[in-house]
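Taking it in order: structure first as structure tokens, then the write-up.
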Amino acid sequence: MLFTSYGFIGFLTVLFLLYYTVFRGNQWKLLLAFSYIFYAAAHPSYLAYICFTTLTIYVAGLRIQGIGDDSKEYLASVKDSITKEDKKIYKTGVKRSQKKWLISCLIVNFGILIGVKYVFPVLLTFNANLIPLMDIIIPLGISFYTLQAAGYVIDVYRGTVPAEANLGRLALFVSFFPQLIQGPISRFGDLSATLYEKHEFNPGVFCAGIERIMWGFFKKLVIADRIGPLVAAISGDPEKYRGGYVLALLLLYTIQLYADFTGGIDIVIGIGQSLGITVRENFNRPYFSKTLKEYWRRWHITMCEWFRNYVFYPVSTSKALQSFSKFSRKTFGDRAGKRIPVYLASFIVWLLTGLWHGAGWNFIVWGLLNWFLLMMGEELEGWSDGLEEKLHWREKFAFKAFRVLRTFLLVMALNLFDCYATVGQTLGSFISIFNTGNLSVLGDGSLFELGMSPADFVLAGIGVLVMLAVSLIQRKGSLRERIARSPFAARSLVWIGLFMVILILGAYGIGYDASQFIYNRF
Amino acid sequence: MEELMEILKSLHPDIDFEKEDRLVEDMILDSFDIVTLVTEINDRFDVEILAEHLIPENFNSAQAMYELIQELED
Amino acid sequence: MKKRIVRIIICILVIVLLVDAATRLLMPKYVSDVVEGNLICEYYQEPNKDFDVVFFGDCEVYENFSPMKMWQEYGINSYIRGSAEQYIWQSYYLLEETCSYHRPKVAVFNIQSLQFNESQSEPYNRMTLDPMRWSASKVNSILASMKENENFIDYIFPILRFHSRWSELKAEDVEYMYKSHTVSHNGYYMRIDVRPAGDIPAAKKLTDYSFGDKAWKYLDMMRELCEREGIKLVLVKAPSLFPHWYDEWDEQVTSYAEKYGLDYINFLKVKDEVGLDFNTDTYDAGLHLNLSGAEKMAVYFGRYLKEKCGVPDRREDSALTGIWAQKEVLYNREIEEQRIKYNL
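Order-wise, the sequence lines are chains A, B and C. Per the working numbering: the first sequence = residues 1 to 522. Per the working numbering: the second sequence = residues 1001 to 1074. Per the working numbering: the third sequence = residues 2001 to 2344.
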């Protein structure tokens, strides 16, 4: 069920009605039922996967917690008779048996993820008969819910959250339908705070949620889906469309990706809000970042945090890396020696981030290029800081704008890996920008023949300006709060206007292919 | 405490660590700084800071870090 | 609380008005190029719907029979409820709907559409279905017509289908937002220009000539409805030279008509008796007839209706005579206009 389908709008309407009326006392149970319906609508077999994952983390969570509780009880009972040494040994033993549960749970779940996402596609290349099975074997959104489920078990292990004793509640956390397919990747501690509470109908909050959903629809239908056909046409034929076309693709895809992905997340957060549930923000005006490092703190935030909390930190504080760090400082001196282990940990993170996005070399290269550029930034930081200080550029607007533009160009170039199927095509197309000499296609109307008419360009352009204006206003505080504070007439004018714009100017219906959310594939 | 201050100063000479209490939230310390810090602290204080200790509350101020170290030494 | 309810009502009203205005603006007007889309809705503007004969079918009815000529010759009060590529289920539901206004004595159905067992084209669906007034017949017709990529809600709110016309709006879209227009003469689409039929392309052999289940089902339903309502059902095949009408198809219709005692007139077989000359009586080389052809058809078929079906001469009815007199003015005016347009 696409977010932008009639079916989904109907599904939401029924949910809202039941949620605040008949099921007022059982809201989270209703959400669980609807989440499973939503997931089963994609394919009933997917339920088996998600139920299995839920069961494994449920059992592992409870066991880890149980072992911890038992040990505390034991230690309390022998408080006076145990030596400090023995206590330490005992505690290490407890940790070890907890870790056994954690590790086996992670192995099973990531094993499934690796199996369906990386091994199965390889099998496909050997045996074409398996292709019809693809829809059954690769469950929608598995990359997202696996991370979220793994995060829960690790948090229980770390003692950050208590294990959930109610299987149904945990099942809802894993399958909560708005974020099932494209995130955000919530942490149990964050989402559970509002997920299971009883929510009374609050017109203000509800309307604010609908407003957010409509804003998401605007980005997705008016901008992203309008650009979609052109992006697909250019990236679909890298032999034919080179040079100037690739340059157009760079910009258009970056706009499409932003509008589509942030629009999708707007819809997710808006649905959450309409239900009284707080879903974490996943973006913070990322294209205004001054450095690539800052960009990765503002784009797809929950994924980055996941990799930081559950990969980067454990790897970099692991015994192996700590001792490598000692060795490295001895060998390479203090300055370089400190950095090398961190860069190594970061390398692993970016390799995995690339792989998580897809089982292809272009995603791996994309991840490692990100890593390389981040490390370069890290190395050059001191040097450029000094220079800026000396020249008193720091606070100048033009210099800030330059840094934002530079980061944007980098991100655009990196996004190109997303457009093409192979590294060769990506690099070839990128290089063709500089040596094809057909930049005239940008101005001579050639672009209009690929699925976007001049009117579509104008409309998409206006849409981008609206997004930009909203982002600029947000720098000075929340636009949505300002709308909420304004008089009813003004508020409803905004809502009705937005609704009519989506209704008329959205790229949906017959004549437009319902393009899946770009992030579904991952 | 003094030893900790020394480590912090060497990492970011321009920050007044006595006063700051939102080091992580204000992004003064990024994840790289934190990992570097952990290595340093583990080394000097002979403790073992694990990934589960790497939460903003433990690194937002010098005081918080010091408390973490003491807890671990215990 | 009261204030809130008032606010909500006002909001809903504003949205309804805006959506309605936008729908009217964005719906195709069928004024200049594809006028066929206007045919179905013109029926509702008829002040007096007690027609004795009503035709159903595709372009083979609305371009090939002139109701005006039948009135002039025999006083037959008839109407053509035809539309472009009207599928048989659509014809059935139009017949059903027509009966809810007035029961005709004779229903004439052109059987060309029996060859289709499913709707072939979404835009044609829209041309027949959108202009229908809401009724159970319309709902059932939509359900029977929808192709896989269509949604029922697109028919309830046509703006969902036509919103993308925002980039191709013309002055006429504004002009006809709240205004209707008439392109037909009792459902007859008039053309007076001539393009003689030349070589007709040879018909392709088909692998299977039998009509589909769904097509037969609706023909049965049509026949049963007529039996129930006491309407005489007449099957016809217009004398269009192509698309090709296969003998194998003709046999199936003939035996069906025999089995149920229906009249079936294949005009392709009687075109000489009608007096059709495909050098002068067609405007598109044999696909459709022009005015000259449609009037010859009216004379021939009108006589049949009068003699074999007992359709009354209603020229004594002064109210009806008045209505037809007005129609005649428009009919003659259009002939004049087209003479100028086509330089004849």
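Quick reminder that beta carbons are idealized off the backbone N, C-alpha and C, glycines included.
Since residue i and residue j are thought to touch, with beta carbons under 8 Å apart, how far apart are those beta carbons, to the nearest angstrom?
i, j, result
"residue 2079/C", "residue 2113/C", "Not really, about 19 Å apart at Cβ, beyond 8 Å."
"residue 2311/C", "residue 2076/C", "5 Å"
"residue 1052/B", "residue 263/A", "Going by Cβ atoms, the distance from residue 1052/B to residue 263/A rounds to 35 Å, so no, they are not a contact pair."
"residue 150/A", "residue 310/A", "7 Å"
"residue 295/A", "residue 411/A", "6 Å"
"residue 429/A", "residue 238/A", "5 Å"
Which two residues bound the contiguous alpha helix (DSSP H) that contains residue i?
i, result
"residue 222/A", "Here residue 222/A belongs to no alpha helix (DSSP H), and DSSP marks it neither H nor E."
"residue 410/A", "397 to 419"
"residue 1076/B", "Lying before the first or after the last residue shown, residue 1076/B is absent from chain B, which here runs from 1001 to 1074."
"residue 31/A", "27 to 42"
"residue 2033/C", "That residue, residue 2033/C, is in no alpha helix (DSSP H); it is neither H nor E in DSSP."
"residue 2110/C", "Residue 2110/C -> not in any alpha helix (DSSP H); beta strand (DSSP E) instead, spanning 2106 to 2110."
"residue 174/A", "167 to 175"
"residue 457/A", "454 to 474"
"residue 2061/C", "2059 to 2062"
"residue 83/A", "Segment: none, residue 83/A is in no alpha helix (DSSP H) and carries neither H nor E."
"residue 278/A", "Here residue 278/A belongs to no alpha helix (DSSP H), and DSSP marks it neither H nor E."
"residue 2070/C", "2067 to 2074"
Within 10 angstroms of the Cβ of residue i, are there 16 or more other Cβ atoms? Answer buried if so, exposed if not.
i, result
"residue 1027/B", "exposed"
"residue 329/A", "buried"
"residue 459/A", "buried"
"residue 1006/B", "exposed"
"residue 2297/C", "buried"
"residue 521/A", "With a pLDDT of only 38 at residue 521/A, under the threshold of 50, the placement of this residue in the model should not be trusted, and no figure is reported."
"residue 155/A", "buried"
"residue 2070/C", "buried"
"residue 515/A", "Note that residue 515/A scores a pLDDT of 41, beneath 50, so its modelled location is shaky; the value from the coordinates is reported in the next line. So residue 515/A counts as buried."
"residue 2017/C", "exposed"
"residue 1074/B", "exposed"
"residue 376/A", "exposed"
"residue 98/A", "buried"
Where do the N-terminal and C-terminal ends of the beta strand (DSSP E) with residue i fall, by residue?
i, result
"residue 2081/C", "2078 to 2082"
"residue 2264/C", "2263 to 2266"
"residue 8/A", "No beta strand (DSSP E) contains residue 8/A, which is instead part of the alpha helix (DSSP H) from 6 to 20."
"residue 2270/C", "Where residue 2270/C is concerned, there is no enclosing beta strand (DSSP E), given that its DSSP letter is neither H nor E."
"residue 2235/C", "2232 to 2237"
"residue 312/A", "Element bounds for residue 312/A: n/a, residue is neither H nor E."
Nearest to residue i by alpha carbon, out of the options?
i, options, result
"residue 308/A", "1067/B, 1046/B, 1031/B, 1048/B", "1031/B"
"residue 2269/C", "2282/C, 2288/C, 2245/C", "2245/C"
"residue 265/A", "303/A, 230/A, 239/A, 238/A", "303/A"
"residue 32/A", "454/A, 453/A, 196/A, 470/A", "196/A"
"residue 2115/C", "2293/C, 2301/C, 2243/C", "2243/C"
"residue 27/A", "172/A, 198/A, 131/A", "198/A"
"residue 2223/C", "2005/C, 2107/C, 2016/C", "2107/C"
"residue 39/A", "171/A, 403/A, 224/A, 97/A", "171/A"
"residue 2239/C", "2081/C, 2110/C, 2045/C, 2082/C", "2110/C"
"residue 114/A", "448/A, 355/A, 391/A, 445/A", "355/A"
"residue 2117/C", "2126/C, 2072/C, 2198/C, 2210/C", "2210/C"
"residue 1034/B", "361/A, 317/A, 424/A", "317/A"
"residue 278/A", "360/A, 186/A, 235/A", "186/A"
| task | Please confirm if the stretch 1017 to 1027 of chain B is in contact with the stretch 1043 to 1060 of chain B, defined as three or more CB-CB distances below 8 Å between the two stretches. | result | yes
| said: For the stretch 2254 to 2266 of chain C against the stretch 2164 to 2178 of chain C, do three or more pairs of beta-carbon atoms, one drawn from each stretch, fall closer than 8 Å, so that the two count as touching? | reply: no
| said: Under 8 Å: do the stretch 330 to 343 of chain A and the stretch 1036 to 1047 of chain B share three or more Cβ pairs, one atom per stretch? | reply: yes
| task | May I ask you to verify whether the stretch 2259 to 2273 of chain C touches the stretch 2227 to 2242 of chain C, counting CB pairs closer than 8 Å and requiring at least 3? | result | yes
| query | Is the stretch 235 to 253 of chain A touching the stretch 415 to 423 of chain A, taking contact as three or more C-beta pairs under 8 Å? | reply | yes
| task | Determine, using beta-carbon pairs with one atom in the stretch 42 to 56 of chain A and one in the stretch 129 to 145 of chain A, whether at least three such pairs fall under 8 Å. | result | In this structure the stretch 42 to 56 of chain A lies against the stretch 129 to 145 of chain A, because at least three pairs of beta carbons, one per stretch, are closer than 8 Å.
| Does the stretch 329 to 338 of chain A come close enough to the stretch 364 to 382 of chain A that 3 or more CB-CB pairs lie under 8 Å? | Not touching, per the Cβ criterion.
| said: With three or more C-beta pairs closer than 8 Å as the rule, is the stretch 2094 to 2102 of chain C touching the stretch 2314 to 2325 of chain C? | reply: no
| Should the stretch 60 to 72 of chain A be called in touch with the stretch 102 to 113 of chain A, which here means at least 3 C-beta pairs below 8 Å? | yes
| said: Under 8 Å: do the stretch 252 to 270 of chain A and the stretch 210 to 220 of chain A share three or more Cβ pairs, one atom per stretch? | reply: yes
| said: For the pair the stretch 2021 to 2033 of chain C and the stretch 2142 to 2155 of chain C, tell me if three or more CB-CB distances fall below 8 Å. | reply: no
| message | Under 8 Å: do the stretch 421 to 439 of chain A and the stretch 231 to 247 of chain A share three or more Cβ pairs, one atom per stretch? | response | yes
| request: Take every Cβ of the stretch 2185 to 2200 of chain C, pair it with every Cβ of the stretch 2059 to 2066 of chain C, and state whether three or more of those distances are shorter than 8 Å. | output: yes
| request: Determine contact between the stretch 2047 to 2057 of chain C and the stretch 2280 to 2290 of chain C, defined as no fewer than three beta-carbon pairs at a distance below 8 Å. | output: no
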